[in-house]
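Peer 1: I am attaching a structure below and will ask some questions about it afterwards.
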Amino acid sequence: MINKIGKITIYVNNQEEGKEFWVNKMKFVVKLEQPMGPNMKWLEVGPSKEAFTSFIIYEKNAMLAQNPQANVLHPNIILSTTDIKETYNEMKANGVEVSEIMNMPYGSMFKFKDQDGNDYLVREDK
1 MINKIGKITI YVNNQEEGKE FWVNKMKFVV KLEQPMGPNM KWLEVGPSKE
51 AFTSFIIYEK NAMLAQNPQA NVLHPNIILS TTDIKETYNE MKANGVEVSE
101 IMNMPYGSMF KFKDQDGNDY LVREDK
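Numbering (full-length UniProt numbering), first residue to last: 1 to 126.
As structure tokens, this is what we get:
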């Protein structure tokens, strides 16, 4: 059966702007980038080359052209860190829009937004 989560698609307005956000502000790396046709490309980013799970950065309009019923509006993604304060400070210094750190009984976390205003969470896993 299934033993890992492989890829998660994030729908963006502009693939190059999405790439710039994840690579330059979030310090992810491009794991794969190749043409998919005349006006499209497959773009995968991840926290490192070795990380198994990656994000596929895909343009909303391209997906809607293929599947008009696709939900391209809101990712529900929680990223993990072992040091919430260091991650928070680094993301804020990189110009990422972040909320305040929330300390909950089940862990500390904060929200952040990407270049299109999509919401994500970062949670500290110890």
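Glycine included, each C-beta is placed from N, C-alpha and C at the ideal position.
Out of 101, 75, 74, 78, point me to the one whose CA is closest to residue 129's CA.
Peer 2: No answer is possible for residue 129: the residues shown for the chain start at 1 and end at 126.
Peer 1: Classify residue 72 as helix, strand or coil using the three-state DSSP reduction.
Peer 2: On the sequence shown, position 72 is the one that residue 72 refers to. Look at residue 72 here: in three-state DSSP terms it is coil, with no helix or strand label.
Peer 1: According to DSSP, which residues form a beta bridge with residue 128?
Peer 2: Residue 128 is absent from the model: the chain starts at 1 and stops at 126.
Peer 1: When you compare only the Cα positions, how much space is there between residue 63 and residue 103?
Peer 2: Here the question's residue 63 lines up with position 63 in the sequence shown. Here the question's residue 103 lines up with position 103 in the sequence shown. Approximately 37 Å between the Cα atoms of the pair.
Peer 1: Whether or not the segment 50 to 57 and the segment 3 to 11 are in contact is what I'm after, with contact meaning three or more pairs of Cβ atoms, one per stretch, closer than 8 Å; do they touch?
Peer 2: Counting Cβ pairs under 8 Å, three or more are found: they touch.
Peer 1: If you follow the alpha helix (DSSP H) that residue 104 is part of, which residue opens it and which one closes it?
Peer 2: What you label residue 104 is simply residue 104 of the sequence shown in a count that begins at 1. No alpha helix (DSSP H) holds residue 104; the beta strand (DSSP E) holding it covers 102 to 104.
Peer 1: Under a three-way DSSP split, which group does residue 9 fall into?
Peer 2: To locate residue 9, count along the sequence shown from 1; it is residue 9. Note: residue 9 maps to strand in three-state DSSP.
Peer 1: Round the Cβ separation of residue 116 and residue 23 to the nearest angstrom and send it over; I've been treating them as touching at under 8 Å.
Peer 2: In the sequence shown, the residue the question calls residue 116 occupies position 116. In the sequence shown, the residue the question calls residue 23 occupies position 23. 16 Å between Cβ atoms; not a contact.
Peer 1: Would residue 30 and residue 48 be called neighbours here (beta carbons separated by less than 8 Å)?
Peer 2: On the sequence shown, residue 30 is found 30 positions in, with the first residue counted as 1. On the sequence shown, residue 48 is found 48 positions in, with the first residue counted as 1. In this structure, the beta-carbon distance from residue 30 to residue 48 does not fall below 8 Å.
Peer 1: Hey, how far is the Cα of residue 120 from the Cα of residue 75?
Peer 2: As a first step, residue 120 must be located in the sequence shown, where it is residue number 120. As a first step, residue 75 must be located in the sequence shown, where it is residue number 75. Computed Cα separation, rounded: 7 Å.
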